[in-house]
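Novice: Residue numbers (this note's numbering), protein chains in the order written: chain S, 114 to 336; chain D, 584 to 793.
Yeah, the Cβ is synthetic: ideal placement off N, Cα and C, and Gly gets one too.
1) Do residue 740 (chain D) and residue 772 (chain D) come within 9 Å of each other at the CB atom, strictly closer than that value?
2) Please list the terminal residues of the continuous alpha helix (DSSP H) segment that includes residue 169 (chain S).
3) Alpha carbon to alpha carbon, how far is residue 148 (chain S) from residue 710 (chain D)?
4) Quick one: does residue 741 (chain D) have its CB under 9 Å from some CB of chain S?
5) Measure from the C-beta of residue 120 (chain S) to each C-beta in chain D and report whether the shortest distance is under 9 Å.
6) Check whether the Cβ of residue 270 (chain S) lies closer than 9 Å to any Cβ atom in chain D.
7) Determine, using beta carbons only, whether residue 76 (chain S) comes closer than 9 Å to chain D.
8) So, at 8 Å on beta carbons, what are the nonlocal neighbours of residue 650 (chain D) in its own chain, with the 5 sequence-adjacent residues on each side left out?
9) Any residues in the segment 635-655 of chain D with a beta carbon nearer than 9 Å to a beta carbon of chain S? Which ones, in chain order?
10) Tell me the rounded alpha-carbon separation between residue 610 (chain D) and residue 777 (chain D).
11) Hey, out of S:329, S:265 and S:288, whose CA is closest to residue 250 (chain S)'s CA?
12) Taking Cβ-Cβ distances shorter than 7 Å, what residues in chain S pair up with residue 799 (chain D)?
13) Return the bridge partner residues of residue 600 (chain D) from the DSSP annotation.
14) Anyone know if the C-beta pair for residue 640 (chain D) and residue 607 (chain D) falls short of 9 Å?
15) In chain order, which continuous runs of the beta strand (DSSP E) of length 3 or greater are located wholly inside the segment 225-278 of chain S?
16) Counting only the same chain and skipping the five closest in sequence on each side, list residues whose C-beta sits under 6 Å from that of residue 265 (chain S).
17) Please check if any C-beta of chain D sits within less than 9 Å of the C-beta of residue 197 (chain S).
18) Which of the three DSSP states, helix, strand or coil, is assigned to residue 742 (chain D)?
19) Alpha carbon to alpha carbon, how far is residue 183 (chain S) from residue 634 (chain D)? Give it in angstroms, no decimals.
20) Look at the alpha carbon of residue 686 (chain D) and the alpha carbon of residue 788 (chain D), and state the distance between them as a whole number of angstroms.
21) If we count Cβ pairs, one from each stretch, closer than 8 Å, do we get three or more for the segment 665-675 of chain D versus the segment 738-753 of chain D?
22) Can you find a C-beta in chain D that's less than 9 Å from the C-beta of residue 201 (chain S)?
23) With C-beta atoms as the reference, is residue 261 (chain S) less than 9 Å away from residue 326 (chain S)?
24) Quick test of your reading: residue 245 (chain S) and residue 299 (chain S), contact by CB under 8 Å. State the CB separation rounded to the nearest angstrom.
25) Is the Cβ of residue 306 (chain S) closer than 9 Å to any Cβ of chain D?
26) At which residue ranges does the segment 636-685 of chain D contain complete beta strand (DSSP E) runs of 3 or more residues, listed in the order of the chain?
27) Beta-carbon of residue 529 (chain D) versus every beta-carbon of chain S: anything under 9 Å?
28) Would you kindly work out how many angstroms separate the C-alpha atoms of residue 237 (chain S) and residue 204 (chain S), rounded to a whole number?
29) Strictly under 9 Å for the Cβ-Cβ distance: is residue 665 (chain D) near chain S by that measure?
30) Taking residue 692 (chain D) as the query, report the chain S residues whose CB atoms sit under 8 Å from its CB, ordered along the chain.
31) Taking the beta carbon of residue 297 (chain S) as the centre, do at least 16 other beta carbons fall within 10 Å, making it buried, or is it exposed?
32) DSSP on residue 799 (chain D), reduced to helix/strand/coil?
33) List the whole-angstrom C-beta distance separating residue 214 (chain S) from residue 256 (chain S), where the pair is believed to meet the contact cut-off of C-beta under 8 Å.
34) How long is the line joining the alpha carbons of residue 172 (chain S) and residue 268 (chain S), rounded to whole angstroms?
35) Tell me whether residue 313 (chain S) is buried or exposed, calling it buried when 16 or more other Cβ atoms sit within 10 Å of its Cβ.
36) Could you check whether the Cβ of residue 294 (chain S) sits closer than 9 Å to any Cβ belonging to chain D?
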């Protein structure tokens, strides 16, 4: 167990170092988020947009930002032909955990930038942060978990770019629905109890996808 | 601690990619202290067989078993027992040699991997290039670095696909001397067609003759 955790963290640190040097995913996700938020702000920033629309816009930006960069974690290993090197170094579950941790932290780190920009650009007020932050965190963990396992699958294919969003979307529908609903409640100033069912769905969905991914990853990773 | 492997048995290995059958019933046994040389023309399946033996690829049919005494185990359970040098196994262009040594070494549970790796880097003529990124290494230096990383944990089984690829004469001599020395206490499996390298094997497996 200790070896598994240690090796997962080593893979995370290796990927973090590589990402810090190339900044591919960071730039892709960050630029998409900033450009799309700016475009939304130019068109509807002056209007007093209602919470249901604001909530949907926020999750559209987060979803497509994630789609633009989270696949890179596995695609880079295949494109640089380092996947076999990694296959020989450690057990598949370790690789999944390391990559999953990287994607979760990358998306959460970018949301530290995306969310304040969203609040400023769209002049959002009256948020219940005690509700909003758990929804954002659980929604992002769920989205990162789905993205990580789908990234591992599409990295083995030739038509990677198109397949990633196409395969992720059906799995992400329950996540987006609950995340939009929960954010909507938070934007209207609602408390945690008002969106507890959304939080439960996000948490349960993450656990189910994470567990299924751990069980399936060996078949995906080994050819 | 590297697991001990005293024998490898390949039994009726078949591999088919879509309709093309590459390997047709390859069988052999190799004991500790012996080396195997896999031969066959280009595209005949030498690298495929190495991948199957090392657990990187699943065979369509047949089994590969590693033994410690009479206890059989699958290659996937024995990753720490395996070292592989091959043209399709790449290093990270944006990591330095030192970072590779630390990453590989720590993953394999080696204490002070950099110090151990430094000795191997000296043996392979790479001393002084520890801080350089892999993208600045020449193809010959990369091949040498692959040997350093494959030998870092002193694997019980060393697989080498095209042992002298991209190496100069001095590099080839270093590799040949290493293989001769290494096979005394370990198992070495080579894939090559070079006459000089075929002589390094105690057992010859021709992938086209099965």
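Specialist: Checking against the coordinates, here is how it stands:
1) yes
2) 164-182
3) 47 Å
4) no
5) yes
6) no
7) Any question about residue 76 (chain S) goes unanswered here, given that chain S covers just 114 to 336.
8) 588, 589, 590, 591, 592 and 656
9) 637, 638, 639, 640 and 641
10) 22 Å
11) S:288
12) It is not possible to answer for residue 799 (chain D), since the shown part of chain D is limited to 584 through 793.
13) D:603
14) no
15) none
16) 187 and 333
17) yes
18) strand
19) 29 Å
20) 34 Å
21) yes
22) yes
23) yes
24) 4 Å
25) no
26) 644-651, 654-656 and 665-668
27) Since the first and last residues shown for chain D are 584 and 793, residue 529 (chain D) lies out of range.
28) 46 Å
29) yes
30) 116
31) buried
32) Missing from the structure shown is residue 799 (chain D); chain D here goes from 584 to 793 and no further.
33) Incorrect: roughly 14 Å between the Cβ atoms, too far for contact.
34) 25 Å
35) exposed
36) no
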